[in-house]
Amino acid sequence: MFSRNHRSRVTVARGSALEMEFKRGRFRLSLFSDPPEDTELQRKLDHEIRMREGACKLLAACSQREQALEATKSLLVCNSRILSYMGELQRRKEAQWLEAKARTLPSDSGPPAERSPCRGRVCISDLRIPLMWKDTEYFKNKGDLHRWAVFLLLQLGEHIQDTEMILVDRTLTDISFQSNVLFTEAGPDFELRLELYGACVEEEGALTGAPKRLATKLSSSLGRSSGRRVRASLDSAGGSGSSSILLPTPAVGGPRYHLLAHTTLTLAAVQDGFRTHDLTLASHEENPAWLPLYGSVCCRLAAQPLCMTQPTASGTLRVQQAGEMQNWARVHGVLKGTNLFCYRRPEDADTGEEPLLTIAINKETRVRAGELDQAPGQPFTLSISNQYGDDEVTHTLQTESREALQSWMEALWQLFFDMSQWKQCCDEIMKIETPAPRKPPQALTKQGSLYHEMAIEPLDDIAAVTDILTQREGTRLETPPPWLAMFTDQPALPNPCSAASVAPAPAWTQPLPWGRPRTFSLDAVPPDHSARACSVVPLPPQRSPQTRGLYSKGQPRTWLQSPV
Amino acid sequence: MSAQWAMGQVKVPALEPWGPAVYSQMAVSISQQRVEIHKLRQGENLILGFSIGGGIDQDPSQNPFSEDKTDKGIYVTRVSEGGPAEIAGLQIGDKIMQVNGWDMTMVTHDQARKRLTKRSEEVVRLLVTRQSLQKAVQQSMLS
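Note that the protein sequences, when read in sequence, are chains L and R. Counting from 743, one number per residue, gives the positions in the first sequence under our numbering. Counting from 54, one number per residue, gives the positions in the second sequence under our numbering.
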């Protein structure tokens, strides 16, 4: 059990990324002596630092522009997450210090605890940014198809998420992102900052040696100039106002992402449907990554406050039967969303049985405690009144004890407060689709060696990786893939056709609990099976046979929905 | 905790062989509808006000609206309230067979989207099929 005065020592694993950062003197260990609720944040920070190193190495090994674009994007997102988490840790530390100090000062009763609104889930989906191509004046060479790589970065509080990267050229009328981005733990005062970054796919000034220089600069982690920026960002932590979330790329050469547009969305923008919002354009025509944006973004921003989806109170109540003053029915009441459901038995709430009685609780409902004439044996009453047209309907409920009455009243006051804070989100529950796990970057290369093996990055345990792959591939992976032989002592298996099913599935439906996969081995040589004629691997009947070799797409795993 | 309730709580009405028995029947019929949607101009774009799902490059088993889970057709997954599609009578769950004469039963998801969002067309005429449920309850009694 942690007490406030006890200085907890966080254990830093030897050789971990976090320990390396301490050694470099980037931040003090005392910054991390935190109560247990911050260990989650530290863990995330450590994870991002490791991902950043992976991205640096990947970038160093990239030979093709598209891979470099993906890798740079990952790197920039990691950087921004690191900054954001560090800023959050700093803020929490300061808050604790202030709190501890306030406690030592002599104080009288002090201000009463302020009521805070419940958290909620905010989901933004179906993002679409229209483009406005004018005819030929922007293109120096009409025959050339200029291409851009764009992605969106979304920040809410200290959480940063990105969408997939999309290649844009002048045949597209708008940039449509398929991903849903979900933020949990948002308050009603949330600010969702949305930023559009773009980079040219064509080299800005072809430098073949650039990737290596880029890599060495990046791999020296937070260098002097970046360190200054880090400290500056720590002061303005929490992703505010005008500065962009991302650090500018520290090195020359390699792809550079430029901020093209941004906007901030708040509770007022939440609606169960599409809305168009204005974008603030941030780049001008001389910028190499400039895109002719129409100036708005269309999306669906939905919010589900927890008070709507989770029961906030439950317990035994007695309901006065209609018309019969003395007959009280015993029910199990559950307060959820804008209704008080009264079930016959407590189990009915779980089985989905219809409740005996449903009492609506909304902004216009009036609740009074103990107002009924205090007839003997009828203390602790609660009356709930709703206006239906001209009629006022009042339900009277009895609780078992004074404490029960107080806790019901408290729950109802909290619900009213939440409804006043979350406003339109409490009218009806907005549907939020669980975001489908994102497709990993496609095998962009024709001959390439980079993406033909996928692994889940926190685990460097090959057994776990093969477990995951077999689980995902299902019954298709009948024999262990030949590349496994590189890591175990077993001889390589002779069947070359099973290599076909090792191809990265472009999308899968099982959610990955640990985020995006990264490539596992950059140096592995793809097994040579071009000369042999593959016979069809025996597969379960419902799947179509795979005959195209290493990069076959396999079964579709998504069921996309698009607005039109 | 709710899992254990799901197992034991299924109530089966007792059926007496010679007593009154209640049957309920559900019949599904398919009807074809022609829907004409006038696109709404929103800035530079023409929108129809609904969302589609499906396509030959998608996984049909995830389609919540299809009877046959191998059907790779294009389905209407959402209709915006008050939008052109709702006004024209399009309903969620409809399967789109044709758009302005173009077939939509054997297209990829993106091809379907493109056929609906052609900038040169202000009106799209869809041929859709719709399932409707009829619940018939019969009571038969033996005298």
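The beta-carbon is built from N, C-alpha and C at its ideal position, and this holds for glycine as well.
- Under a 10 Å Cβ-count criterion, G126(R) is classified as buried, with 16 or more other Cβ atoms of the shown protein chains found around its own Cβ.
- In the structure shown, the three-state DSSP call for C1167(L) is helix.
- Cβ atoms of L1147(L) and F1122(L) come within 8 Å of each other, at about 4 Å.
- The CB of M1172(L) never comes closer than 7 Å to any CB in chain R; the least such distance is about 13 Å.
- DSSP places H1074(L) inside the beta strand (DSSP E), whose first and last residues are W1070 to K1078.
- In terms of beta-carbon proximity, L169(R) lines the interface with chain L, with at least one pair separated by less than 8 Å.
- If you look at D1092(L), you'll find it in the alpha helix (DSSP H) that goes D1090 to T1093.
- For the C-beta of Q920(L), not a single chain R residue is nearer than 9 Å; the gap to the nearest is close to 10 Å.
- Rounded to the nearest whole angstrom, the C-alpha separation of D163(R) and P117(R) is 19 Å.
- The Cβ atoms of E97(R) and Y939(L) lie no closer than 8 Å to each other.
- Separation of Q1062(L) and P1097(L) (C-alpha to C-alpha, rounded to the nearest whole angstrom) is 15 Å.
- From the beta-carbon of T1176(L), no residue of chain R is found nearer than 8 Å; the closest lies around 12 Å away.
- The Cβ of G107(R) sits closer than 8 Å to at least one Cβ of chain L.
- At a cut-off of 8 Å, the C-beta of Q1303(L) has a neighbouring C-beta in chain R.
- Nearest CB-CB separation between D124(R) and chain L: not below the 8 Å threshold.
- Distance from the CA of V1012(L) to the CA of R912(L), rounded to the nearest whole angstrom, comes to 31 Å.
- A straight line joining the alpha-carbon of L93(R) with that of A1010(L) spans about 24 Å.
- Excluding the 5 residues flanking it on each side, A165(R) has same chain C-beta neighbours closer than 7 Å at I105, G108, I127 and M157, in chain order.
- Separation of the CB atoms of T814(L) and L801(L) is rounded to 6 Å, and the pair is thereby assigned contact status at 8 Å.
- Rounded to whole angstroms, the separation of the alpha carbons of G929(L) and V132(R) is 29 Å.
- If you draw a 10 Å sphere on the C-beta of G862(L), you find 16 or more other C-beta atoms in it, and that means buried.
- Interface with chain R (8 Å Cβ-Cβ cutoff): F1016(L) is included.
- For Y999(L), there is no enclosing beta strand (DSSP E), as DSSP marks it with neither H nor E.
- In its chain, beyond the 5 residues on either side, C820 have a beta carbon closer than 6 Å to the beta carbon of R794(L).
- Membership of T1136(L) in the beta strand (DSSP E) is indicated by the continuous run D1133 to Q1140.
- Counting only the Cα atoms, R823(L) lies some 18 Å from M762(L).
- Taking a Cβ-Cβ threshold of 7 Å, the residues of chain L close to E97(R) are P872, M874 and Y1036, in chain order.
- Not a single C-beta of chain L is nearer than 8 Å to the C-beta of Q151(R).
- Taking 8 Å as the threshold, the shortest C-beta distance from L93(R) to chain L does not fall below it.
- Looking from the CA of T1176(L), the closest CA among D788(L), N922(L) and E790(L) belongs to N922(L).
- Counting along the chain, the unbroken alpha helix (DSSP H) around G829(L) starts and ends at R807 to T846.
- Nearest CB-CB separation between V892(L) and chain R: not below the 8 Å threshold.
- DSSP places A802(L) outside any beta strand (DSSP E); the residue lies instead in the alpha helix (DSSP H), whose first and last residues are T781 to A803.
- Within chain L, the residues placing a beta-carbon under 7 Å from that of S133(R) are G1015 and F1016, ordered along the chain.
- Between the stretch 1147 to 1167 of chain L and the stretch 996 to 1005 of chain L there are fewer than three C-beta pairs closer than 8 Å, too few to call the two in contact.
- Between C1049(L) and T1018(L), the CB-CB gap reaches or exceeds 8 Å.
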